[in-house]
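For the record, in the sequence shown the residue sitting at position 103 is 102 according to numbering that gives the first Met the number 0, with numbers rising by one throughout. Idealized CB from N, CA, C, for every residue including glycine. First up is the structure itself, then whatever we jot down about it.
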Amino acid sequence: MNVFRQWMARILGHKLLGLVAIVVLWFWAGAADRATVQLLSFLVLNVLLAQSINLLTGIAGQISLGHAGFFAIGAYAAGVLSKTYGVAVPVALVLAIAMTAAAGWLLAIPAGRVKEIYLAMMTTGFGLLCFEIAKEWSSVTGGVVGLSGIASPTLRNLKILGWTVDAVDLLRIMLVATAIVLLLMRNFVQSHHGRAFFAVQASEIAAGSIGIPRGTVKRRAYAISGAMAGLAGALYAHLVGYLGPDSFGIMRSVEVLVMAIVGGLGTIIGPILGAALFTWLPERLQVFAEYQFMVYGLILMVIFLVLRRGIAGALIEPTRFIAPRAMTVHRAIHAGAETKPASGTDATAGDPPALLDVHDLGRNFAGLVALDGVSLSLRPGRITALIGPNGSGKSTLVNVVSGIYPPSRGRVVLASEDVGGKADHAIARRGLVRTFQDPRLVPTFTVRENVLLGGQRHFRSTMLAAALRWPSSLREEADMVRRTETVLSLAGLQAVADQTIESLPYGYRRLVEVGRAILAEPTVVLLDEPAAGLSEAEQSQLAAMIRHLRDAGKAVLLIEHHMDFVNDIVDDVVVLDSGRVIYRGHMRGMREDPAVIAAYLGVGQDGHA
Ligand code: ADP
Ligand code: MG
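Written as structure tokens, this is what we have:
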């Protein structure tokens with residue numbers, strides 16, 4: 000089965016396949032009868048729509064049940080502009096795309112704040128709203144009667160720059176446009192922009208912790224997805240020449256979502272297969288006459304028992320999210336010369352200023368005082384252990400400092416700037432990264448891709464450069480892949496670099512998360528119980544990674560219970576109890592400190608809180 004999937008991946012993932020498909024469809028269009036040309040045209044539009052929802056739902060994780068709304072905006076915008084206002088078709092098309100992109104951007108403002116079923120409801124509302132506007136705003140949309148006479152091949156009045164476009168021409172135009180969109184989308188997905196979309200889908204908190212602004216990512220996802228659906232809508236308007244509200248109802252939204260899900264969300268090939276199936280299937284189901292929707296419903300109910308990850312999931316290994324060319328460039332560089340990671344500041348010089356200063360930090364949770372006036376400083380090239388019994392506020396300290404919760408009082412000074420209360424991604428961008436007590440990674444990403452995510456804050460290429468796979472963007476990607484490789488070898492993860500996180504035992508997750516933090520090349524690193532649940536071998540690997548951070552001049556805060564582990568590597572210790580610092584200083588002194596002994600005796604004598 001695996002061999003089969005690998006072969007399918009090779010065939011379906013092959014560069015030439017897309018080209019072959021376009022050439023076949025191009026010539027088929029010329030030879031086919033009118034009904035077939037019509038069907039193929041709808042197929043191409045469905046591919047575009049399914050990809051549009053795939054980008055938003057499959058890749059950025061934002062479920063949309065109102066996608067027909069974007070389709071409608073694009074269709075009516077193009078139809079009204081060209082018919083009522085006499086705008087030239089290509090111009091109307093561009094304006095229609097701009098309008099749907101804007102609609103997507105605006106929808107993201109409320110929709111970006113909610114998740115799951117609430118998001119499903121909100122997008123359903125958006126779809127209904129668009130449908131009702133199409134129905135009621137008769138002066139513009141023609142209301143229930145609809146808008147007819149839009150330039151189309153059927154009326155023989157579709158002209159682009161003086162050239163009269165017939166049905167076959169239009170199909171070919173749509174084919175090329177869709178192919179270009181898919182190519183750009185593939186490049187986009189295999190770049191740091193696409194990985195940011197996935198990171199937001201997997202865990203918004205993790206995304207924020209490596210400097211990905213979730214709000215921006217969502218607005219981009221809605222806008223780009225909206226633009227794609229808008230393009231489909233505009234093409235649809237000129238394909239059929241008539242627009243009525245019934246083409247944009249909730250059933251249309253469901254259909255589009257079904258194509259993408261059944262085909263395989265999160266892949267590029269999946270929605271193409273899904274669109275093909277569901278363009279072809281309704282025709283076949285007509286033999287069931289009035290029962291056809293029943294059969295359709297039954298198929299939907301049964302299909303996921305067999306195809307958990309859609310058709311693409313059954314057929315092929317999932318696409319990877321690094322530009323393949325960046326990998327080859329990297330290998331070429333790697334074969335040439337082994338590069339050492341840049342070593343940081345000189346750790347021996349006197350007593351350097353603190354990289355992070357926490358002053359009198361307080362945090363309450365509805366009456367519970369989790370942090371009560373905590374102050375501490377982290378200096379470059381030093382490892383500070385933060386210990387204390389369970390519930391003493393260690394994780395809360397990391398959460399407040401890294402921007403997950405705003406402080407109730409006090410200051411967090413990072414590189415002489417008070418970042419207290421700033422957003423997590425903004426703090427990460429300024430060079431403070433953290434790991435989580437429960438590792439937060441992208442489960443479907445490989446080890447390499449997860450580590451690579453750490454580099455997010457260093458990427459500069461724009462979305463356009465990534466979509467066009469501009470040389471500068473490819474160089475940037477290759478460079479980060481090279482650095483990732485160095486971190487993978489430091490973490491001892493090279494052997495599993497190509498395996499997905501979900502397929503690996505737990506211990507790897509912690510090492511991968513610390514690897515991700517190393518790739519971020521932060522100035523301050525906060526590690527929340529990184530050694531918990533690790534085997535002895537994994538612990539020594541972890542210790543090597545932490546020492547590497549120290550030697551590179553980073554300021555490290557290490558939350559840990561294992562005293563042996565802490566003993567070996569830390570320079571200073573801070574002990575928390577009930578949200579207060581009860582000890583600060585050397586390891587040796589801590590063991591004899593009466594306050595520390597009392598705090599630990601309260602929970603257990605072995606030092607494992
Ligand atoms: P530690 O990491 O030292 O085990 P935590 O920082 O997780 O401790 O928790 C400190 C206290 O704050 C605990 O009493 C915990 O229940 C409380 N706490 C932490 N996070 C929250 C939250 N989001 N809401 C309410 N209480 C919280
Ligand atoms: Mg904790």
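Residue closest to residue i, alpha-carbon to alpha-carbon, out of the options
{"i": "Glu475", "options": "His192, Met562, Leu306", "result": "His192"}
{"i": "Arg468", "options": "Val188, Pro89, Glu254, Val397", "result": "Val188"}
{"i": "Lys553", "options": "His561, Glu559, His560, Met544", "result": "Met544"}
{"i": "Leu377", "options": "Gly392, Gly387, His358", "result": "His358"}
{"i": "Asn363", "options": "Gly248, Leu396, Val93, Ile209", "result": "Leu396"}
{"i": "Ile52", "options": "Ala536, Met227, Asp32, Phe247", "result": "Met227"}
{"i": "Pro379", "options": "Met462, Lys134, Met173, Thr522", "result": "Thr522"}
{"i": "His237", "options": "Arg112, Arg439, Ala77", "result": "Ala77"}
{"i": "Arg213", "options": "Leu370, Ala110, Thr123", "result": "Ala110"}
{"i": "Asp356", "options": "Asp32, Ala414, Thr153", "result": "Ala414"}
{"i": "Ser407", "options": "Met7, Gln436, Phe435, Gly372", "result": "Gly372"}
{"i": "Ile209", "options": "Leu518, Leu160, Arg549", "result": "Leu518"}
{"i": "Ser224", "options": "Pro352, Ile315, Leu24, Ala107", "result": "Ala107"}
{"i": "Gly240", "options": "Arg324, Ser147, Tyr290", "result": "Ser147"}
{"i": "Val446", "options": "Glu282, Ala536, Arg319, Arg433", "result": "Arg319"}
{"i": "Ala597", "options": "Tyr582, Gly453, Met586", "result": "Tyr582"}
{"i": "Glu559", "options": "Arg549, His547, Val144, Gln538", "result": "Gln538"}
{"i": "Asp497", "options": "Val450, Val524, Leu541", "result": "Val450"}
{"i": "Thr485", "options": "Val524, His547, Thr499, Gly506", "result": "His547"}
{"i": "Leu18", "options": "Phe69, Ala150, Leu182", "result": "Leu182"}
Heavy atom of ligand 1 within 7 Å of residue i beta-carbon
{"i": "Ala325", "result": "no"}
{"i": "Ser391", "result": "yes"}
{"i": "Leu367", "result": "yes"}
{"i": "Phe277", "result": "no"}
{"i": "Phe130", "result": "no"}
{"i": "Phe364", "result": "yes"}
Neighbourhood of residue i by C-beta distance below 7 Å, restricted to the same chain and skipping five residues each side
{"i": "Ile72", "result": "Met98, Thr99, Ala102, Cys129, Gly229, Gly232"}
{"i": "Val167", "result": "Ala28, Gly29, Val36"}
{"i": "Arg308", "result": "Gly263"}
{"i": "Ala133", "result": "Ala71, Tyr75, Thr140, Pro244, Phe247"}
Close beta carbons around residue i, own chain, < 6 Å, minus the five adjacent residues each side
{"i": "Ser190", "result": "Ala465"}
{"i": "Glu416", "result": "none"}
{"i": "Ala91", "result": "Ala77, Leu80, Ser81"}
{"i": "Leu24", "result": "Leu174"}
{"i": "Ala95", "result": "Gly73, Ala76, Ala77, Gly229, Ala233"}
{"i": "Asp571", "result": "Thr383"}
heavy atom of ligand 4 below 7 Å from residue i C-beta
{"i": "Gly387", "result": "The ligand content of the structure shown is limited to ligand 1 and ligand 2, which means ligand 4 is not among them."}
Cβ-based neighbour list, residue i, same chain, cut-off 8 Å, excluding 5 preceding and 5 following
{"i": "Gly335", "result": "Confidence at Gly335 is low in this model, with a pLDDT of 46, below 50, so the placement of that residue is unreliable and no value is reported for it."}
{"i": "Ile302", "result": "Val261"}
{"i": "Phe287", "result": "Met293, Val294"}
{"i": "Ala536", "result": "none"}
{"i": "Leu557", "result": "Ile382, Thr383, Ala384, Leu385, Leu526, Pro529, Ile545, Val565, Ile568, Val569"}
Can you pull every residue whose C-beta falls closer than 7 Å to some heavy atom of ligand 2, listed in chain order?
Environment of ligand 2, chain-ordered: Lys393, Ser394, Gln436, Asp527, Glu528, Ile558, taking every residue with Cβ within less than 7 Å of a heavy atom.
Stretch-stretch touch, CB-based, cutoff 8 Å, three pairs: the region 400-415 with the region 561-577
Segment contact: the region 400-415 against the region 561-577, fewer than three CB-CB distances shorter than 8 Å; contact not assigned.
The region 506-513 in contact with the region 482-492 per 3-pair CB rule at 8 Å
Put simply, the region 506-513 touches the region 482-492. At least three CB pairs are less than 8 Å apart.
Taking 8 Å as the threshold, find out whether the region 54-68 comes into contact with the region 246-255 through three or more Cβ pairs.
Judged by Cβ distances under 8 Å, the region 54-68 makes contact with the region 246-255, as three or more pairs qualify.
Cβ contact check for the region 199-215 and the region 269-280: 3 or more pairs under 8 Å:
In this structure the region 199-215 does not lie against the region 269-280, because fewer than three pairs of beta carbons, one per stretch, are closer than 8 Å.
Touch check for the region 171-180 and the region 41-57: three-plus C-beta pairs under 8 Å?
A contact exists between the region 171-180 and the region 41-57.
Do the region 560-574 and the region 379-394 make contact, defined as three or more Cβ pairs closer than 8 Å?
In short, these stretches touch, since the Cβ pair count reaches three.
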